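The C-terminal residue of the sequence shown carries number 220 in the working numbering, and the numbering is unbroken. We put the CB at the ideal spot given by N, CA and C, even for glycine. Quantities reported herein were computed from a predicted structural model and do not represent experimental measurements. Below: one structure, written as structure tokens.
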Amino acid sequence: MSGQADGAWRIVEDDLSGAPIRALLEQHFAGMLASSPAGSCHFLDFEGLRAGGVTFWSIHRDGELAGCGALKQLDAGHGEIKSMRTADAFLRQGVAARMLEHVVETARSRGLARLSLETGSGPTFAPALALYARHGFEECEPFADYKPDPFSHFMTRAL
């Protein structure tokens, strides 16, 4: 695992083998399924997060797992943000913003021209939608293989 530190924060490329990251992702999967119908949930499972073209990171503070995020390369110029999740003990402490900035910078360094995402709709997803909007993401039409869905919200930004 390689890491990037920001004070007490550390972001590392993660192989998904540790029990804490697996537990956080299980919580993420369950949360998505509790908030949207199964056919409207587009999260990557463990196998999907290990697939070629996907880079997965965990973020830690003082040695504790604080959250995660991933970048999926869709084509030579377009990437997708996946699996953004903050551990409950770290909510409202800037974890998601740090991870999002890391994903954006990584996408830029790889020469991607656009970064997009799909997230849920409704009150549960309001904090995520606000975060993405603060970071320059705007609403867009479905991209890649997505279809219009009242339970999905699509956003994108040029890099």
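Which partner residues of residue i appear in the DSSP bridge assignment?
i, result
"residue 131", "117, 143"
"residue 149", "Its beta-bridge partners do not exist; DSSP assigns none."
"residue 136", "139"
"residue 126", "121"
"residue 199", "217"
Does the distance from the CB of residue i to the CB of residue j come in under 8 Å?
i, j, result
"residue 157", "residue 140", "no"
"residue 101", "residue 210", "yes"
"residue 215", "residue 182", "no"
"residue 149", "residue 119", "no"
"residue 110", "residue 152", "no"
"residue 144", "residue 131", "yes"
"residue 198", "residue 217", "yes"
"residue 194", "residue 180", "no"
"residue 90", "residue 104", "yes"
"residue 69", "residue 122", "yes"
"residue 97", "residue 212", "yes"
Between which two residues does the beta strand (DSSP E) containing residue i stretch?
i, result
"residue 221", "Residue 221 lies beyond the range of the chain shown here (62 to 220); nothing can be said about it."
"residue 213", "213-219"
Since I believe residue j is in contact with residue i (beta carbons under 8 Å), could you give me their beta-carbon distance rounded to a whole number of angstroms?
i, j, result
"residue 220", "residue 146", "Between residue 146 and residue 220 the Cβ distance is about 23 Å, and since that is not below 8 Å, they are no contact."
"residue 72", "residue 163", "5 Å"
"residue 174", "residue 138", "4 Å"
"residue 155", "residue 134", "The Cβ separation is near 26 Å, so there is no contact."
Alpha helix (DSSP H) containing residue i: first to last residue?
i, result
"residue 78", "Segment: none, residue 78 is in no alpha helix (DSSP H) and carries neither H nor E."
"residue 170", "156-170"
"residue 109", "107-110"
Entirely enclosed beta strand (DSSP E) segments - the region 80-107, minimum 3 residues: none
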